[in-house]
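Heads up, the sequence shown stops at 345 in my numbering, and the numbers go up one at a time, no gaps.
Beta carbons: idealized from backbone N, C-alpha and C, even for Gly.
Inspection log for the structure reproduced underneath, given as structure tokens.
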Amino acid sequence: MTVVEEIQKLKQEKNAVILAHYYVRPEIQDIADYIGDSFYLSKVAVGLKEQTIVFCGVSFMGESAKVLNPEKTVLMPDMHADCAMAHMADAKTIQKMRDTYEDLAVVCYINSTAELKTHSDVCVTSANAVKIVKALPNKNIFFIPDKNLAHFIAEQVPEKNFVYNEGYCPIHEHMQIEEIKAAKALHPAAEVLAHPECPKAVLAISDYVGSTSGIIDYATKSEKQEFIICTENGVRYKLEKDNPDKKFYFTETEPVCTDMKLITLEKVLHVLKTGENEVHLSKELRIDSRKPLEKMLELAK
Ligand code: 13P
Ligand code: SF4
45 MTVVEEIQKL KQEKNAVILA HYYVRPEIQD IADYIGDSFY LSKVAVGLKE QTIVFCGVSF
105 MGESAKVLNP EKTVLMPDMH ADCAMAHMAD AKTIQKMRDT YEDLAVVCYI NSTAELKTHS
165 DVCVTSANAV KIVKALPNKN IFFIPDKNLA HFIAEQVPEK NFVYNEGYCP IHEHMQIEEI
225 KAAKALHPAA EVLAHPECPK AVLAISDYVG STSGIIDYAT KSEKQEFIIC TENGVRYKLE
285 KDNPDKKFYF TETEPVCTDM KLITLEKVLH VLKTGENEVH LSKELRIDSR KPLEKMLELA
345 K
């Protein structure tokens, strides 16, 4: 039996479901029951019928799935797959901001630890942040952890006062503007599609800015034939699969999230076989981090 066949067999036997983010390896995307961006996966995680969720992504994703499904078993193929940005804020600064600004909403990008979520009022993803921030009654917004996404949202919601945190995604932050310009010079007809985790200078030369799914949808629906993609290179698989006649280019230094790439078929098989790498969160952490996640799901409807 191949590894893939063994995974399919064990999935049935153990009543398990596989969720995967677009940044994981193509072979993992192929075995996933649900694949999407962070918002889609958080919606899917609610109301699954299977008892076990194997989450092919980084730790904050597994944590959120557990928080939304406390009675289910959530397994991570690799416990070391983490998101650097998820740790780039702290409770002390949040409290300082609450003491400084009246009428403050702490808006927490879902790419954050469960612990950070407990100090927040509402979660957002890159796909729903504008809608949610607009819907909040608060004038002052402390947006954590991502400064780039915060600036992108602030531009679209000028009626709010944004307070910025210094976090960033190392993969998107280090996207080289010169390399994007070089790709544009090579492919002048190509549109530039960027993720809002990219710095402002990158977004300024982009034709479209949106979440991972937003980029895939935009390119799929577009009548254009060529695109320069400014996000993690895992999206190439879905883009090329759904658009065999279109061309997708990345910057010369391809943006790779090495944590997402830690997930392999062998590791998925191993956790299905052994039940190892289960996500455990204290009851207090689960209850307190659930509130902002539920508020996000409510406001994003
Ligand atoms: P989205 O899934 O919201 O596009 O975010 C991208 C990302 O960096 C996930 O870790
Ligand atoms: Fe975190 Fe960036 Fe990797 Fe997404 S791509 S998981 S934001 S480090």
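Outcome for residue i when other beta-carbon atoms lying within 10 angstroms are tallied against a minimum of 16
i, result
"Ala125", "buried"
"Met45", "exposed"
"Ser103", "buried"
"Ile259", "buried"
"Ser82", "buried"
"Asp122", "buried"
"Lys282", "buried"
"Glu107", "buried"
"Pro288", "exposed"
"His65", "buried"
"Asn59", "exposed"
"Thr169", "buried"
"Ile331", "exposed"
"Glu328", "exposed"
Residue i beta carbon near the ligand SF4 (any heavy atom closer than 7 Å)
i, result
"Cys301", "yes"
"Pro214", "yes"
"Ala238", "no"
"Glu276", "yes"
"Cys100", "no"
"Tyr281", "no"
"Tyr67", "yes"
"Met132", "no"
"Cys127", "yes"
"Glu241", "yes"
"Met45", "no"
Counterpart residues of residue i in DSSP-defined beta bridges
i, result
"His65", "Gly80"
"Asp190", "Gly211"
"Val174", "Answer by DSSP bridge pairing: none, since Val174 is not bridged."
"Ala245", "Answer by DSSP bridge pairing: none, since Ala245 is not bridged."
"Lys204", "Paired residue(s): none; Lys204 is not in a bridge."
"Val166", "Val151"
"Cys100", "Ala64"
"Tyr252", "Leu237"
"Tyr293", "Ile272"
"Glu322", "Leu119"
"Ile185", "Ala149 and Phe206"
Those residues, in chain order, that have a beta-carbon closer than 5 Å to some heavy atom of the ligand 13P: Asp81, Ser82, Thr169, Ser170, Ser255 and Thr256
Cβ contact check for the stretch 147 to 167 and the stretch 222 to 229: 3 or more pairs under 8 Å: no
Three-pair Cβ contact test at 8 Å for the stretch 180 to 198 versus the stretch 210 to 222: yes
Three-pair Cβ contact test at 8 Å for the stretch 64 to 80 versus the stretch 315 to 329: no
At least three beta-carbon pairs within less than 8 Å, the stretch 177 to 192 to the stretch 139 to 152: yes
Contact between the stretch 296 to 311 and the stretch 76 to 94 (3+ Cβ pairs under 8 Å): no
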